[in-house]
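Under this note's numbering, the first residue of the sequence shown carries the number 18, and numbering increases by one thereafter.
Notes follow the structure.
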Amino acid sequence: MTEAGLLTEIDHVAIAVHDLDAAIAWYGDAFGASVDHREVVDRDGVEEALLKVADSYVQLLTPTREDSPVAKYLAAKGEGLHHVGYRVADCAAALDTAKAAGIRAIDTAPRPGSRGTTVAFLHPKSAFGTLIELVEE
Ligand code: CO
Numbered sequence: 018m019t020e021a022g023l024l025t026e027i028d029h030v031a032i033a034v035h036d037l038d039a040a041i042a043w044y045g046d047a048f049g050a051s052v053d054h055r056e057v058v059d060r061d062g063v064e065e066a067l068l069k070v071a072d073s074y075v076q077l078l079t080p081t082r083e084d085s086p087v088a089k090y091l092a093a094k095g096e097g098l099h100h101v102g103y104r105v106a107d108c109a110a111a112l113d114t115a116k117a118a119g120i121r122a123i124d125t126a127p128r129p130g131s132r133g134t135t136v137a138f139l140h141p142k143s144a145f146g147t148l149i150e151l152v153e154e
């Protein structure tokens with residue numbers, strides 16, 4: 018581990034949108050960005066598109082069903098920044114460290130994310146209003 022601690026990179030910045038294709042087209046028109054990976058994550062009720070930015074991604078997220086947390090987020094807050102994914106070497110170890118520091122976790126144990134990653138979410142109420150995802154590639 019480096020002096021920077023457990024977080025090794027920004028893995029992705031996730032933005033909730035109503036229309037995934039429109040958002041992808043917007044990023045293409047505005048920045049020449051293109052989709053590196055697109056996936057429906059059934060368990061979370063979302064479809065995501067990842068646009069590569071250096072070694073990180075912008076993750077455009079849209080709900081695939083009404084009871085998806087992202088659908089609830091869009092209904093309550095509208096489109097915008099949804100969460101930040103921090104890359105870690107070991108998701109279980111990072112989650113344990115966070116829990117030991119008294120941080121409220123949404124996931125009690127690491128679980129599968131998109132792209133074959135292992136992830137765990139920390140609650141925004143104990144993280145300065147930011148939903149945090151720990152991402153192990
Ligand atoms: Co994410």
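Here a beta-carbon is modelled for each residue, glycine too, at the ideal position from N, C-alpha and C.
In this text, all values refer to a predicted model and were calculated from it rather than measured experimentally.
Review point. How is the beta strand (DSSP E) around F138 delimited, first residue to last?
Key: 135–139
Check your understanding: Quick one, are the C-beta atoms of K94 and A137 less than 9 Å apart?
Key -> no
Point to revise | V52 versus D46: straight-line alpha-carbon distance, rounded | key: 13 Å
Practice item. Can you tell me which of the three DSSP states P80 falls into? Key: strand
Check your understanding: Any heavy atom of the ligand CO closer than 8 Å to the CB of G62?
Key -> no
**Study point:** Distance, Y103 Cα to L139 Cα
**Key:** 11 Å
Point to revise | Run of the alpha helix (DSSP H) containing A71, from where it starts to where it stops | key: Taken as a continuous stretch (DSSP letters only), A71 belongs to no alpha helix (DSSP H), as it is neither H nor E.
Practice item. Report the three-state DSSP secondary structure of V87 (helix, strand or coil). Key: helix
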